[in-house]
Amino acid sequence: MHTLTAIIRARKGSQATVRAELLKVGEFAKAHEPDTIDFFVAQDTQDPCVFTTYERFTNVAAMERHNNGAGSQGFFAAAGGLLDGDVTVVIAEEIWPE
Numbered sequence: 017m018h019t020l021t022a023i024i025r026a027r028k029g030s031q032a033t034v035r036a037e038l039l040k041v042g043e044f045a046k047a048h049e050p051d052t053i054d055f056f057v058a059q060d061t062q063d064p065c066v067f068t069t070y071e072r073f074t075n076v077a078a079m080e081r082h083n084n085g086a087g088s089q090g091f092f093a094a095a096g097g098l099l100d101g102d103v104t105v106v107i108a109e110e111i112w113p114e
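Each residue of the sequence shown is one higher than the one before, counting from 17 in our numbering.
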């Protein structure tokens, strides 16, 4: 299982919009991306400007389709100017459970 974790920081005062746009990505993935197995979004309890996604894909091609697809691209079009710095991305392969 291939995964992508993203840490996203919204500019202060923009967290509600960034949150709403991330939820749209999740809904899009659920409705249109059968090879996106899971798409989780979390908001930091100490700093509501920080969001983390944990995304699971059947393979690398599915991850690339997601990243280049309408849901992800729509997020950056709508919220990209509201982010505080670069998005930190970790791409990995799950090792447990096997």
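In this text, a Cβ means the ideal position worked out from N, Cα and C, and glycines have one as well.
Assuming residue i is part of the beta strand (DSSP E), what are its boundary residues?
i, result
"residue 104", "104 to 109"
"residue 52", "52 to 59"
"residue 71", "66 to 73"
"residue 25", "18 to 25"
Buried or exposed, going by whether 16 or more other CB atoms sit within 10 Å of the CB of residue i?
i, result
"residue 31", "buried"
"residue 91", "buried"
"residue 93", "exposed"
I'd like to check one pair, residue j with residue i: are the Cβ atoms closer than 8 Å?
i, j, result
"residue 76", "residue 21", "no"
"residue 37", "residue 81", "no"
"residue 70", "residue 19", "yes"
"residue 87", "residue 56", "no"
"residue 95", "residue 33", "yes"
Measuring CA to CA, which of the options is closest to residue i?
i, options, result
"residue 74", "36, 110 and 29", "110"
"residue 47", "102, 85, 17 and 35", "85"
Does the ligand GDP have even one heavy atom less than 7 Å from the beta-carbon of residue i?
i, result
"residue 93", "The ligand GDP is not part of this structure, which contains no ligands at all."
Go to residue i, then tell me how far its alpha helix (DSSP H) extends in each direction, as first and last residue.
i, result
"residue 38", "31 to 48"
"residue 89", "86 to 95"
- prompt: Should the segment 20 to 40 be called in touch with the segment 59 to 68, which here means at least 3 C-beta pairs below 8 Å?
  reply: Output reads yes: the segment 59 to 68 touches the segment 20 to 40.
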